[in-house]
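One structure below.
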Amino acid sequence: AQSVTQPDIHITVSEGASLELRCNYSYGATPYLFWYVQSPGQGLQLLLKYFSGDTLVQGIKGFEAEFKRSQSSFNLRKPSVHWSDAAEYFCAVDSNSGYALNFGKGTSLLVTP
Amino acid sequence: EAGVAQSPRYKIIEKRQSVAFWCNPISGHATLYWYQQILGQGPKLLIQFQNNGVVDDSQLPKDRFSAERLKGVDSTLKIQPAKLEDSAVYLCASSATAGGVGEQYFGPGTRLTVT
Chain A
1 AQSVTQPDIH
11 ITVSEGASLE
21 LRCNYSYGAT
31 PYLFWYVQSP
41 GQGLQLLLKY
51 FSGDTLVQGI
61 KGFEAEFKRS
71 QSSFNLRKPS
81 VHWSDAAEYF
91 CAVDSNSGYA
101 LNFGKGTSLL
111 VTP
Chain B
1001 EAGVAQSPRY
1011 KIIEKRQSVA
1021 FWCNPISGHA
1031 TLYWYQQILG
1041 QGPKLLIQFQ
1051 NNGVVDDSQL
1061 PKDRFSAERL
1071 KGVDSTLKIQ
1081 PAKLEDSAVY
1091 LCASSATAGG
1101 VGEQYFGPGT
1111 RLTVT
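Chains A and B are the protein sequences, given in the same order. Per this note's numbering, the first sequence starts with residue 1, numbered consecutively. Per this note's numbering, the second sequence starts with residue 1001, numbered consecutively.
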């Protein structure tokens, strides 16, 4: 069955430290991959997406993600976290079927001073 | 450009009551989605419209949930009767094209509490 797994429910990092959020997917072919961020009381905002080509994609707010086909992963990274990055992060997959996104359960990021 | 609008933002009802949510997508967006996001989980698709036709409603509990998108613009999601497990945030999203190729833009959501 198709699935998206975000192994970390909660992550705490210090402001200024680097960040990596993990995402693994299970699909038959290479899907379209997305990372969304959700701040409290807000809708989801797209950070970045991967369709094809360069496996390292750049997004907004200084985020980047790397697609690794051999590991079925699409991990999100940021070299230096800011307090405003505290939010819920969702990895999502589209199986290129023309249908809606399949989301992971999310990772809650806490940033400490 | 105005974003996806949803109302109300919050709703508290008792079980077995009915409730309706409204969504106005971004102008010109053909595809509209309703997602249910239960606390601690990612959004789950309830129904997808392409213009005013249903593309996918396989995960919509049709015995109690209904949705329509008249004239291919605004959409309404209704729950009747509500159950405790329907407590969630209901997100509306729209995209210019179907599927993930077209970026989905999300509204702020409606938080439903069923007591």
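Ideal Cβ placement from N, Cα and C applies to all residues, glycine included.
| message | For a cutoff of 8 Å on Cβ pairs, would you count residue 67 (chain A) as touching chain B? | response | Interface with chain B (8 Å Cβ-Cβ cutoff): residue 67 (chain A) is excluded.
| Proximity test, Cβ basis, 8 Å: residue 1074 (chain B) and chain A | No, no contact with chain A.
| message | At the 8 Å Cβ level, is residue 1090 (chain B) part of the contact set with chain A, yes or no? | response | no
| query | Roughly how many angstroms separate the alpha carbons of residue 1009 (chain B) and residue 54 (chain A), rounded to a whole number? | reply | Their backbone Cα atoms lie some 40 Å apart in a straight line.
| task | Ignoring anything shorter than 3 residues or poking outside the segment 44 to 107 of chain A, list the beta strand (DSSP E) runs there in chain order. | result | 44 to 50, 56 to 58, 64 to 68, 73 to 78, 87 to 94
| request: Hey, could you find the ends of the beta strand (DSSP E) residue 1011 (chain B) is sitting in? | output: 1010 to 1013
| What is the rounded straight-line gap between the Cα of residue 1057 (chain B) and the Cα of residue 1048 (chain B)? | 7 Å
| task | Tell me, please, whether the segment 65 to 80 of chain A touches the segment 1010 to 1026 of chain B by the rule of three or more beta-carbon pairs shorter than 8 Å. | result | no
| request: Below 8 Å on the Cβ atoms is my guess for residue 1072 (chain B) versus residue 1004 (chain B); work out the distance and round it to an integer in Å. | output: About 15 Å; that fails the 8 Å criterion.
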